[in-house]
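Structure first, commentary second.
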Amino acid sequence: MSCTTARFSFELYPPRSAAAAAALPATIDRLAAAHPDFISVTYGANGSSRTTSLDVLRYILQHTDVSPMAHLTCVGSSHAEANRLIREFLDAGIRRFLAVRGDPPADVPAGETGLGDLRSSAELVQLIHRVQAERVPYGELPVPGIDARAVLGSREHVQIAVAAFPNGHPSSHSVSQDIDTLLAKQAAGANLGITQLFFHPEDYLSFAQKAKDAGVAFPILPGIMPVTSAARLRRMLELSGEDLPSELAIQLEIEPTEEGQREIGIAWATDFAQRLLDGGAPGIHLYTFNQHQAVLAVLERIGLLPGAGTGVAGTTSRTTH
Ligand code: FAD
């Protein structure tokens with residue numbers, strides 16, 4: 001049986017103020033020094049963050065040796081707009097994507113979906129592959145009579161991750177619908193899954209097993225966030241609609257100091273990640289909230305940081321099968 005070392009990756013969001021933009025490079029440098037598989041950067045569903053997302057992705061490309069992953073959304077876009085967006089990111093040198101549909105605005109008129117030309121993330125996955133395959137590298141002209149797709153690109157050149165929902169997408173009626181959706185994303189050419197936040201390891205482990213049994217062949221990374229304050233926990237539950245992990249909530253609510261809350265969040269995320277890896281997760285994807293300290297502390301304690309041999313968890317390295 002072959003063993004591979006468990007891997008990890010990070011998520012950032014584009015900064016929303018000049019001060020946040022000024023602080024982000026130092027955070028990225030610290031995260032990159034941990035040698036993650038990739039750092040993903042979220043994208044505003046209405047395209048609001050197109051420039052800022054690209055700026056962050058370019059910084060990662062130009063100043064670190066880590067591969068950036070661009071989240072892209074298709075909600076509300078025409079085919080032509082989605083095509084242009086994908087081409088712009090490919091031209092910037094991005095080769096890893098997280099294709100998500102995005103949520104339509106709340107004020108869509110009755111009888112309309114607000115979705116745009118692409119109805120699901122599976123269609124966006126397909127379009128990214130198509131644009132990449134048909135793309136003519138700058139300065140190269142297609143040779144008459146030769147199919148540009150055959151010579152200029154293939155599916156191997158891009159990695160496309162998709163969202164997975166261990167506790168079901170809010171609009172899904174059953175677990176089997178969520179798994180069918182993942183199969184549709186796989187058929188479209190996705191080759192990695194990353195989950196929505198969840199707070200009970202068995203939710204992920206049973207979902208990943210069901211997906212595998214149904215034929216989902218790509219790895220599904222559990223998304224984990226060290227929840228380092230009661231306010232952040234409330235915000236995360238609001239955004240994800242997940243069940244409250246009552247023990248964690250109580251611990252955070254009764255702890256009076258910021259430092260104490262931070263320690264509770266890190267210890268909780270360390271134990272959570274450990275249980276997921278022990279259960280067979282292929283790695284972990286850490287939601288950073290644009291801060292490096294907590295996620296690096298979690299990795300250090302599990303023994304996943306390069307050179308970390310004395311993590312609090314007491315392990316020197318981890319393997320999954
Ligand atoms: P889809 O895969 O299109 O699925 C949405 C719904 O349609 C589901 O109910 C599904 O069951 C159904 N469906 C899809 N395909 C089919 C099919 N072929 N047949 C039948 N039913 C189908 N949002 C942002 O705006 N920006 C981000 O950067 C961002 N990043 C995210 C990262 C992660 C890891 C996750 C988990 C979510 C992220 N989101 C982001 C949120 C995401 O846009 C929303 O959850 C959105 O509601 C659904 O996106 P999706 O890609 O899962 O949609």
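All residue numbers for the sequence shown refer to the UniProt record's numbering, where the first residue is 1 and numbers rise by one. Each residue gets a CB set at the ideal place from its N, CA and C atoms; glycine is no exception.
Restricting to Cα atoms, I'd like to know which of the options is closest to residue i.
{"i": "Val-269", "options": "Glu-255, Glu-238, Ile-302 and Gly-241", "result": "According to the sequence displayed, residue 269 carries Ala and not Val. Ranking Glu-255, Glu-238, Ile-302 and Gly-241 by Cα distance to Ala-269 puts Ile-302 first."}
{"i": "Ala-214", "options": "Gln-177, Pro-109, Pro-282 and Pro-256", "result": "Gln-177"}
{"i": "Glu-263", "options": "Pro-226, Gly-283 and Leu-233", "result": "Pro-226"}
{"i": "Arg-130", "options": "Val-108, Ile-160, Gly-116 and Pro-105", "result": "Ile-160"}
{"i": "Ile-266", "options": "Pro-282, Leu-233 and Leu-244", "result": "Leu-233"}
{"i": "Ala-92", "options": "Arg-58, Ala-297 and Arg-235", "result": "Arg-58"}
{"i": "Thr-52", "options": "Phe-272, Ala-32, Leu-31 and Arg-16", "result": "Arg-16"}
{"i": "Tyr-43", "options": "Gly-189, Asp-55 and Ala-33", "result": "Asp-55"}
{"i": "Arg-84", "options": "Arg-275, Pro-104 and Gln-132", "result": "Gln-132"}
Does the Cβ of residue i lie closer than 8 angstroms to at least one heavy atom of the ligand FAD?
{"i": "Tyr-43", "result": "yes"}
{"i": "Arg-96", "result": "no"}
{"i": "Ser-9", "result": "no"}
{"i": "Lys-185", "result": "yes"}
{"i": "Ala-223", "result": "First, the amino acid is wrong: residue 223 is Gly here, not Ala. Yes, the ligand FAD has a heavy atom inside 8 angstroms of this Cβ."}
{"i": "Phe-198", "result": "no"}
{"i": "Ile-194", "result": "yes"}
{"i": "Val-298", "result": "no"}
If I'm right that residue i touches residue j with Cβ under 8 angstroms, what's the distance once you round it to whole angstroms?
{"i": "Thr-73", "j": "Arg-101", "result": "6 angstroms"}
{"i": "Arg-135", "j": "Arg-87", "result": "7 angstroms"}
{"i": "Ile-194", "j": "His-285", "result": "5 angstroms"}
May I ask which residues mark the beginning and end of the alpha helix (DSSP H) holding residue i?
{"i": "Met-236", "result": "230-240"}
{"i": "Ala-19", "result": "18-32"}
{"i": "Pro-201", "result": "201-214"}
Can you tell me whether DSSP reads residue i as helix, strand or coil?
{"i": "Tyr-43", "result": "coil"}
{"i": "Leu-221", "result": "strand"}
{"i": "Arg-301", "result": "helix"}
{"i": "Ser-172", "result": "coil"}
{"i": "Glu-123", "result": "helix"}
{"i": "Arg-7", "result": "strand"}
{"i": "Tyr-13", "result": "coil"}
Counting contacts by CB-CB distance shorter than 9 angstroms, is residue i in contact with chain C?
{"i": "Arg-30", "result": "The structure shown contains no chain C; it holds only a single protein chain."}
By the DSSP assignment, the beta strand (DSSP E) with residue i in it spans what residues?
{"i": "Thr-73", "result": "67-73"}
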